[in-house]
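J.: Shown below is the structure under consideration.
There are 2 protein chains.
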Amino acid sequence: MSALPPAEAHALEEGLAFAPRYDAQGLIVCVTVEAATRDVLMVAYMNELALAKTLETGIAHYWSRSRQSLWRKGDTSGQVQKVVSLEVDCDQDALLMTVEPGGDGKSCHTGRKSCFYRRVEGGATPRLVFRD
Amino acid sequence: MSALPPAEAHALEEGLAFAPRYDAQGLIVCVTVEAATRDVLMVAYMNELALAKTLETGIAHYWSRSRQSLWRKGDTSGQVQKVVSLEVDCDQDALLMTVEPGGDGKSCHTGRKSCFYRRVEGGATPRLVFRD
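Quick look at the structure:
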């Protein structure tokens, strides 16, 4: 990401046009938050197709970087995510999606509710500590 | 990101070793949340140096992709972010940092508290709507 020309930055930041900025792989990062608790559930990526499907259906779609395929969250796990709101950041290279998770409420593929289940502690010599 | 071998995935996901996985540019994405409100303030990136500085000092440091430089958030704006907690996701390619913002509480360079100040609405023909 190089710095944007001021006019372009202003249009992105203050305009009403949705102009998501994909990276060199055609992806935009998406932070997914649970509506009821505001817990951050996961960080994943969308491509143009996944974003279009999400907007059209109101159900979260991502792009799986490991499988290189469109990924309708919950197709195999039952963890379908109903979109409550979608927001874009100032320079339109990140999304914040608020969802109501379906199924058993465990969004992480490890069987936990959130992918963020370990804290980094220890300062200069960090180690991980599992959250309660 | 290709799929990880099962043993490597297990170590990343269930282990106590902090092994952040940087992308091809040497960066890891960081979601920054305000401790008091749980509002998502911003999404930014860290490189190994920024992460080390953050862990050593307890103050948020990022890597500015536009300026290609270490960025101690608040050095020019007063918006220093005191780290309350840092978490890593299952496969250790994303960070979730909870902070107490300093200064006037406006984390976004546009003068707003959060970078996420516009909703995407309209389904298949999306437009942006400013939040209250």
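Residue numbers (our numbering), protein chains in the order written: chain A, 23 to 154; chain B, 23 to 154.
Even glycine gets a Cβ: it sits at the ideal position worked out from N, Cα and C.
Using a cut-off of 7 Å between C-beta atoms, extract the partners of ASP154(B) located in chain D.
T.: The structure shown contains no chain D; its protein chains are A and B.
J.: Opposite ARG140(B) in the DSSP bridges: which residues?
T.: VAL110(A), PHE152(B)
J.: Contact between the region 117-129 of chain B and the region 53-63 of chain B is defined here as three or more beta-carbon pairs at a separation below 8 Å; is this criterion met?
T.: yes
J.: If we define contact as Cβ-Cβ less than 8 Å, is GLY48(B) a contact residue for chain A?
T.: no
J.: From which residue to which residue does the beta strand (DSSP E) around HIS83(B) run?
T.: 83-86
J.: DSSP on LEU63(B), reduced to helix/strand/coil?
T.: strand
J.: Any beta carbon of chain A sitting closer than 8 Å to that of THR54(B)?
T.: Closer than 8 Å: no.
J.: Once DSSP output is grouped into helix, strand and coil, what is the label at THR98(A)?
T.: coil
J.: Give the interface partners of GLY145(A) over in chain B, defined as CB-CB distance under 7 Å, in chain order.
T.: LEU77, GLU78
J.: Within the continuous beta strand (DSSP E) that includes THR132(B), where are the two ends?
T.: Unbroken run through THR132(B): none, as it is neither H nor E.
J.: Report the option in LEU77(A), VAL62(A), TYR44(A), ALA82(A) whose CA atom is closest to the CA atom of ASN69(A).
T.: TYR44(A)
J.: Whole-angstrom Cβ separation of ARG141(B) and LEU73(A), contact assumed at under 8 Å?
T.: So it is not a contact: roughly 14 Å between Cβ atoms.
J.: Counting only beta-carbon atoms, is ARG43(A) nearer than 8 Å to chain B?
T.: no
J.: Apply the 10 Å Cβ neighbour rule to GLN88(A) and answer buried if 16 or more other Cβ atoms are within range, or exposed otherwise.
T.: Per the sequence presented here, residue 88(A) reads as Ser, with Gln not at that position. By the 10 Å Cβ count, SER88(A) comes out exposed.
J.: The region 123-146 of chain A: which residues have C-beta closer than 9 Å to a C-beta of chain B, in chain order?
T.: Residues are counted here when their Cβ sits less than 9 Å from a Cβ of chain B; for the region 123-146 of chain A these are CYS130, HIS131, THR132, ARG134, SER136, CYS137, PHE138, TYR139, ARG140, ARG141, VAL142, GLU143, GLY144, GLY145, ALA146, given in chain order.
J.: Near LEU49(B), which residues of its chain fall below 8 Å by C-beta distance, leaving aside the five closest residues on each side in sequence?
T.: Only TYR67, MET68, ASN69, TRP85, ARG87 meet the Cβ criterion.
J.: Taking 8 Å as the threshold, find out whether the region 25-34 of chain A comes into contact with the region 95-104 of chain A through three or more Cβ pairs.
T.: Using a C-beta cut-off of 8 Å, the region 25-34 of chain A makes no contact with the region 95-104 of chain A, since fewer than three inter-stretch Cβ pairs fall below that distance.
J.: So with CB distances below 7 Å, who are the chain A contacts of GLU30(B)?
T.: Residues of chain A passing the Cβ test: none, with the nearest at roughly 12 Å.
J.: Would ALA57(B) count as contacting chain A if we go by Cβ distances under 8 Å?
T.: Using a Cβ-Cβ cut-off of 8 Å, ALA57(B) does not count as an interface residue toward chain A, since no Cβ of chain A sits closer than that to its own.
J.: Can you tell me whether DSSP reads LYS104(A) as helix, strand or coil?
T.: For LYS104(A), the secondary structure class from DSSP, reduced to helix, strand or coil, is strand.
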